[in-house]
Amino acid sequence: MLKKRGQVTVYIILGIVIIALFLITTYIRDNNLLDDINKKVEINAQVLPAHTRVEECITNVAREGVNILGAQGGKINVENQISLNPFVPFGNSLDVFGNGALNVPYWFYRTSNGINTQEIPSVQDMEADLASYIEENIVFCYEDLKELDQYAVDYDGDSNVNVEIQNTKVLVSVESPLTVAIDAITSRLDSFSIVLDISLGKLHDTA
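When you number the sequence shown by this note's numbering, it's gap-free, plus one each residue, and the end is 680.
Here's what the structure looks like:
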């Protein structure tokens, strides 16, 4: 009897050690990610206002994308499929206003031929959707910078956007082709890092 109790105790201790190691590893990984994303590239003081303006614009674009994800059930682009079967009158999404302005996809629905279908977007799907949304709209941030007469703005190529959705934060990093010149000083603004304090990951888990 004592031998069995001793074995159980060993298993309990081993389980606690494994859980502790997992939590410590997760904590270190998340803090390293935040440290990396909070590092600021050394920027010339004359170009710093341009960097700040673009960074604020990217933040707004990212926030807009997150809001669309939240409003549309975790998807930014929704393909609305209308059911042609009178016995299954519903499609794959709900037209909230009846005018196509906002379609919220069902996570579970029945197709027109009677097949039960589950389509729950994963966190990876949402990250890819949000990254694509920012990539498509970031050009407006560069165009906005052109309106400031003191800068000569050039961007040649596509921006590369990486998104990570955590429980209480959304991390966005952008590799940019942006070059800004002022008073014979040319700077390449090739890195932007955004941290949004939005519990998107936690909301997804709850849903």
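All C-beta atoms in this analysis are idealised placements derived from N, C-alpha and C, irrespective of residue type, glycine included. Remember, predicted model here, so these are calculated numbers, not experimental data.
- Look at residue 638 here: in three-state DSSP terms it is strand.
- Each residue's CA atom was taken as its position, placing residue 520 and residue 597 some 35 angstroms apart.
- If you look at residue 535, you'll find it in the alpha helix (DSSP H) that goes 521 to 544.
- At a Cβ-Cβ threshold of 8 angstroms, residue 645 and residue 535 count as neighbours.
- Annotated three-state conformation of residue 624 is coil, per DSSP.
- Under the DSSP definition of a beta bridge, residue 658 partners with 655.
- For residue 589, the enclosing beta strand (DSSP E) begins and ends at 589 to 591.
- Bounds of any alpha helix (DSSP H) do not take in residue 670, whose DSSP letter is neither H nor E.
- In the DSSP assignment, residue 619 falls within the unbroken alpha helix (DSSP H) covering 612 to 619.
- About 5 angstroms separates the CB atoms of residue 634 and residue 647; that is less than 8 angstroms, so the two are in contact.
- Residue burial is scored here from C-beta neighbours: residue 604 has at least 16 other C-beta atoms within 10 angstroms and is therefore classed as buried.
- In this structure, DSSP gives residue 629 a state outside helix and strand, which the three-state scheme calls coil.
- Between residue 594 and residue 642, the CB-CB gap reaches or exceeds 8 angstroms.
- Within the same chain, Cβ atoms closer than 8 angstroms to the Cβ of residue 628 are found at 612, 615, 649, 650, 651 and 652, the five residues on either side in sequence being excluded.
- Rounded to the nearest whole angstrom, the CA to CA distance from residue 670 to residue 522 is 23 angstroms.
- Beta bridge pairing from DSSP links residue 646 with 635 and 666.
- C-alpha of residue 591 to C-alpha of residue 677: approximately 15 angstroms in a straight line.
- Out of 622, 526, 606 and 601, the CA that lies nearest to the CA of residue 655 is found in 622.
- Measuring C-alpha to C-alpha distances from residue 532 to each of 679, 674, 579 and 608 identifies 608 as the nearest.
- CA-to-CA, the gap between residue 668 and residue 639 works out to about 11 angstroms.
- Per DSSP, reduced to three states, the secondary structure at residue 518 is coil, with no helix or strand assignment.
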